[in-house]
Amino acid sequence: MNPIYAVGDIHGQKQMLDHALALIAADGGDDARIVFLGDYTDRGPDSRAVIETLIAGRDAGRNWVFLKGNHDRFFTRFVRQGLQHDPRVASGISWLNTRLGGTTTLASYGIQAEMRFIIDRKSGLEFLKSCEGPDGKTDIAGLQKLAQRAVPAAHLEFLEALPLWHETDDLLFVHAGIRPGLPIAAQDPEDLLWIRSPFLESSEDFGKLVVHGHTALEHPQHFGNRVDLDGGAGYHRPLFPAVFEGRDCWILTGHGRVALTP
Numbered sequence: 033m034n035p036i037y038a039v040g041d042i043h044g045q046k047q048m049l050d051h052a053l054a055l056i057a058a059d060g061g062d063d064a065r066i067v068f069l070g071d072y073t074d075r076g077p078d079s080r081a082v083i084e085t086l087i088a089g090r091d092a093g094r095n096w097v098f099l100k101g102n103h104d105r106f107f108t109r110f111v112r113q114g115l116q117h118d119p120r121v122a123s124g125i126s127w128l129n130t131r132l133g134g135t136t137t138l139a140s141y142g143i144q145a146e147m148r149f150i151i152d153r154k155s156g157l158e159f160l161k162s163c164e165g166p167d168g169k170t171d172i173a174g175l176q177k178l179a180q181r182a183v184p185a186a187h188l189e190f191l192e193a194l195p196l197w198h199e200t201d202d203l204l205f206v207h208a209g210i211r212p213g214l215p216i217a218a219q220d221p222e223d224l225l226w227i228r229s230p231f232l233e234s235s236e237d238f239g240k241l242v243v244h245g246h247t248a249l250e251h252p253q254h255f256g257n258r259v260d261l262d263g264g265a266g267y268h269r270p271l272f273p274a275v276f277e278g279r280d281c282w283i284l285t286g287h288g289r290v291a292l293t294p
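Here it is in structure tokens:
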């Protein structure tokens, strides 16, 4: 049975990504089939280098599959449209807030700025009031223009074109999860990018083992019907690559495979 590898949310952690790829190569060789579960950007220090690494792997013909994460869409929507909010963020904070990590993504492209925010009393949303960097002070429109000049079009096009799921005979890979009771073809794309409840609370047999990220844990966990591989790299915890043979799962470590069981 040919193994398939998976990497959870990277969140700009280039050194962690390099380490994960080295563990995979040691276990499965340079031609290992890898599915990346999305959220390549935000929070960590080097989103640009992460995207460059993934694009280089694609262009080299690596057997890699890339899924889109909600943070990746946040990033592209800001650069393309100047959007700093998503209705699924209940707190109403801006993508530029350090909690979401857009500032660190822009910094990886050379845009260093101190952000100042205001709260709109009517909507409750947080908006950028101004940002100040080495080249002076600007507003949201000016910051978007800086991003449009700094971010290569190839990076945006790569992220925008990514699929929302990938499946094998035994496994369904998706960034956030699925809505219970619906076939994959009927799923709302917003759920595939954002869902937590009711997916995380479901004990339903989804037919295939769902492999996802999005909901950060202290360590990847197997729940029987799903495997959450987001070990919290966006919060400076390790990035844990995994390998699957059929529905059997192992976490890769410097000491070899460690079984991940329900």
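For the sequence shown, the positions run 33 to 294 when the numbering used here is used.
Glycine included, C-beta positions come from ideal geometry on N, C-alpha and C.
Computed from a predicted model, the values in this text were never measured in an experiment.
Using a 10 Å radius around the Cβ and a threshold of 16 neighbouring Cβ atoms, would you call residue i buried or exposed?
i	result
K46	buried
V275	buried
G266	buried
V371	What is shown of the chain runs 33 to 294, which leaves residue 371 out entirely.
G61	exposed
D91	exposed
R228	exposed
I150	exposed
H43	buried
G93	exposed
D220	exposed
Assuming residue i and residue j are in contact, meaning their beta carbons sit under 8 angstroms apart, how far apart are those beta carbons, in whole angstroms?
i	j	result
H103	T73	5 angstroms
T247	L191	T247 to L191, Cβ: 21 angstroms. No contact.
S123	R80	At roughly 27 angstroms, the Cβ-Cβ gap does not stay under 8 angstroms, so S123 and R80 are not in contact.
V82	L271	Their Cβ separation, rounded to whole angstroms, is 11 angstroms, which puts V82 and L271 out of contact at 8 angstroms.
K75	T170	As written in the sequence, residue 75 is Arg, which differs from the Lys given in the question. Between T170 and R75 the Cβ distance is about 23 angstroms, and since that is not below 8 angstroms, they are no contact.
If the criterion is Cβ atoms closer than 8 angstroms, does the pair residue i and residue j meet it?
i	j	result
G101	L225	yes
L196	D59	no
S126	L160	yes
D63	N95	yes
V111	A179	yes
T200	I36	yes
H254	L99	no
P215	S234	no
L203	F238	no
C163	A182	no
D118	D71	no
F106	G134	yes
G256	P230	no
R279	E250	no
Taking 7 angstroms as the cut-off, is the beta-carbon of residue i closer than that to any non-hydrogen atom of the ligand GTP?
i	result
C281	As far as ligands go, the structure on display features none, and thus does not contain the ligand GTP.
Counting Cβ pairs, one atom from each stretch, are 3 or more of them under 8 angstroms apart for the region 128-141 and the region 62-72?
Touching, no, given that fewer than three Cβ pairs across the two stretches are closer than 8 angstroms.
Which residue spans inside the region 131-163 form an unbroken beta strand (DSSP E) run of at least 3?
Listed in chain order, they are 146-151.
Just to confirm the assignment: which complete alpha helix (DSSP H) runs, minimum length 4, are found wholly within the region 193-245?
Unbroken alpha helix (DSSP H) runs of no fewer than 4 residues, entirely contained in the region 193-245, are found at 221-226, following chain order.
Do the region 256-270 and the region 237-246 meet, that is, are 3 or more Cβ pairs less than 8 angstroms apart?
Because the criterion of three Cβ pairs below 8 angstroms is met, the region 256-270 and the region 237-246 touch.
Taking only runs of the alpha helix (DSSP H) that begin and end inside the region 62-142, which ones reach a length of at least 4 residues, in chain order?
Runs of the alpha helix (DSSP H) inside the region 62-142: 79-91, 102-113 and 134-140.
Scan the region 263-287 and note each continuous beta strand (DSSP E) run of 3 residues or more that stays entirely inside, going in chain order.
If only uninterrupted beta strand (DSSP E) runs of at least 3 residues are considered, those enclosed by the region 263-287 are 274-277 and 280-285.
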